[in-house]
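By this note's numbering, the letter at position 150 of the sequence shown is numbered 1408, and the numbering carries on one by one without gaps. Note that the Cβ used here is the ideal one computed from N, Cα and C, for glycine as well. Since the model is a prediction, treat every value here as computed from it, not as a measurement.
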Amino acid sequence: MNSQTLSGFVKEHNSGETLRDVSIKINGTSKGTVSNTYGFYALILPLNTACEVTFSRVGYQSFTQQITLFGNKVIDIELFPSVTNLDEVKVLAQKQPKESEKNEMSKITVSMAQVKEVPVFLGEKDVIKTLQLLPGVQKGNEGSTGLYVRGGSPDQTLIILDDAVVYNANHLFGFFSTFNNDALKSVELTKGGFPARYGGRIAAVLDMQMQEGSKDKLHGEGSIGLISSKLKLEGPIKIKKPMSYLISVRRTYADLILPKSDMPDIFFYDINAKTNITFRPKDRLYFSTYLGRDVNVIKEDISKTEDGFAWGNTTATLRWNHIFAPKIFANTSLIYSQYKFRMYNEQTTTQGDYLLEYSSKIRDYTFKTDFDAFLKPNVSVKFGAVFTQHLFSPNAYVIKDPAKDTSGVKENETNASELGIYAEASWKINPKWSINMGLRESIFILKNKTYSNIEPRVILNFQSIENWAIKGSYSQMNQYIHLLSNSGLGLPTDLWVPATEKFAPPKSSQVALGIVKDFVKQNVSLSLEGYYKKMNNILGYKQGASFLMLDFGSSPSAVSTVDWQENAISGKGIAHGMELFYRKIKVNYRVGLAIHFLG
């Protein structure tokens, strides 16, 4: 055997948090790898040959180690954060991963330190507002935290938190996002050049991970603001096996301190919780959950009426990491995700209580398994499958009218199954050329219709000279669920509905071409990227149509829901533009400039 494998996990010093996307390079060569989503890496090294290996990641001090292998070896690496204190963000001027060497494009990683630097008006600093400042991303209506990426709508961006889909990113009419910065570890936005492991949306992917909880010591922090307060606790759990936890809560409290007669009851809260245990060196178990709710209630004492609406997300993820061999890593997940919106009107009369309630809901039950295989120093492969059972309840009604002695409950529920199978390979062909190519097969099964699509993906990177790169990508994507939304209302009146025989799934084809220049001594990266995207089967409301699709008939007892397909229409779209992104990291400050021209 001419080579052996160096493998292990890359972690943050003190906290023990695993670090994804750490660049691991054999010095003096073009060979290397990148740590995966869970911080695992595997590097094939020559047998009985001494070499230097450098581990580097933006925001952390790079680490170099002299290594000679006489057999497979496991080494866990700890990186020290470059942030030295909480009052001033200081990034040490040292070797950072080069953008020109990365086998990816149209992807931006945002650190929590960057989020804290961005000024905001009202609300609080959050990741969605930060992303809206980046090239290729636009904000929607005032009071909206949706992401409009490269001409796409918010529902065309896949938002995942610890593998679970989050369907609504709003709190308090958009002044807050769903995501609590204190609970997040990593944030990555992919706008094009999509890896084959992602599917289900046609515009972008926002992939976020929650913190795992400190394995070193008990730690807590909190803040009290004019509108909301937050509290976070994390620390190790003292048992024989390494285990840690994190709990983060957030709530607004205007409804608690203001007189009830002065204003409506308007508040939100959310809870993030996560725990993990390493019960064997090759096995680790995670459980994470998110619960968020917005509540808005208006009461009139004179008329004895109450109007209210509420919405919220719920997610839960159980994940198992297993190392089958020094070169093969696997993650298996069971995932639950739900989004629900509810609106109601209650009246108390001499004849009894009147109630009209409308709600919409979507629930997902998902099984997912992913494999990472590090085959050679310059070749790695990812493959896996995901199965989701969707339950759609786009319009449900409860009617109670004591004056007419009638009541009715109507709910339209549709089930659908979605399957995705993928494989992708990253190959450093030679010092100048690298390629990431993949293929995804997606299948959507309804009662009377089945859709099946093959989605090719490819990214090419050509480094003509050192610190320069020309990159190109092509991606096909399919989206099997639609969002019908009355954006003018300013409320999350979202109807998530499946593709049907009448309305085929949205599709997109995107090509992108860019150039990247790294100014290493100045810690500067400059990129210019152009893209062209075609979209088909884009769904929307007909002119004048309402999300309140209700037909009373002759009386409330004869109430029936109107099929949403009667109020919808589909069309096509084209988006093209240019993006310029300048990044500079230097001692004591960070500068970024983004310019975007959208056609």
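Around the beta-carbon of Val1778, fewer than 16 other beta-carbon atoms lie within 10 Å, marking it exposed. Looking at Ala1833, Leu1742 and Pro1494, the one whose alpha-carbon comes closest to that of Asp1821 is Leu1742.
DSSP places Phe1313 in the strand class (E or B) of the three-state scheme. Out of Phe1434, Met1601, Lys1449 and Ala1531, the CA that lies nearest to the CA of Ala1462 is found in Lys1449.
If you draw a 10 Å sphere on the C-beta of Arg1278, you find 16 or more other C-beta atoms in it, and that means buried. Between the C-alpha atoms of Ile1827 and Ala1441 there is a straight-line separation of about 40 Å.
A distance of 7 Å or more separates the beta carbons of Ala1422 and Ile1693.
Restricting attention to Thr1533, Ser1364 and Ser1487, the CA atom closest to the CA of Leu1514 is found in Ser1487. Here the segment 1405 to 1423 makes contact with the segment 1578 to 1596; the two share three or more CB pairs at distances below 8 Å.
A Cβ-Cβ separation of about 5 Å places Asp1622 in contact with Thr1646 under the 8 Å criterion. Partner residues in the beta bridge of His1648, as assigned by DSSP, are Asp1622 and Ala1674.
Shown here for Lys1729: same chain residues with a beta carbon closer than 6 Å to its own, the five before and five after excluded, namely Met1363, Asn1719 and Gly1772 in chain order. No alpha helix (DSSP H) of 4 residues or more sits fully in the segment 1540 to 1569. In the three-state scheme derived from DSSP, where H, G and I count as helix and E and B as strand, Leu1389 is classed as helix. Taking 8 Å as the upper bound for CB-CB distance, Ile1556 and Pro1522 are in contact here, some 4 Å apart.
Each of Gly1480, Glu1275, Gln1323 and Gly1798 was checked against the Cα of Thr1295, and the nearest Cα belongs to Glu1275.
With a beta-carbon spacing of about 6 Å, Asn1439 and Val1373 fall inside the 8 Å limit used to define contacts.
The criterion of a C-beta distance shorter than 7 Å is satisfied by Lys1499 and Phe1537.
When C-alpha distances from Gly1550 are compared across Ser1506, Ser1731, Asn1670 and Phe1452, the shortest belongs to Ser1506. Contact check for Glu1446 against Thr1367 passes: the beta carbons are separated by less than 7 Å. The segment 1616 to 1631 makes no contact with the segment 1312 to 1330, as fewer than three CB pairs between them are under 8 Å. Between Pro1764 and Ile1796, the C-beta spacing is below 7 Å. Within the same chain, and ignoring the five residues on either side of Ser1767 in sequence, the residues whose Cβ sits closer than 6 Å to its Cβ are Gln1734 and Lys1792.
For Glu1336, the enclosing beta strand (DSSP E) starts and ends at Ile1335 to Leu1337. Annotated three-state conformation of Lys1374 is helix, per DSSP. Assignment of Leu1430 by DSSP, reduced to helix, strand and coil, places it in the helix class.
Between Leu1430 and Phe1526, the C-beta spacing is below 7 Å. Looking at the backbone, the Cα of Pro1339 and that of Ala1371 are separated by about 11 Å. Here the alpha carbons of Asn1330 and Phe1761 stand approximately 54 Å from one another. For the 7 Å CB-CB criterion, Asn1554 and Glu1470 do not form a contact. Closest by C-alpha distance to Thr1563, out of Asp1611, Tyr1680 and Pro1393, is Asp1611.
Looking at Thr1627, Phe1328, Ser1281 and Trp1691, the one whose alpha-carbon comes closest to that of Tyr1456 is Thr1627. Here the alpha carbons of Val1385 and Met1466 stand approximately 10 Å from one another.
Between the beta-carbon of Leu1753 and that of Asn1653 there is about 7 Å, and that keeps the pair under the 8 Å contact cut.
The beta-carbon separation of Ser1293 and Ile1302, rounded to 15 Å, does not stay under the 8 Å limit for a contact. By the criterion of a C-beta distance shorter than 8 Å, Asn1306 is surrounded in its chain by Thr1326, Leu1327 and Phe1328, once the five residues flanking it on both sides are discounted.
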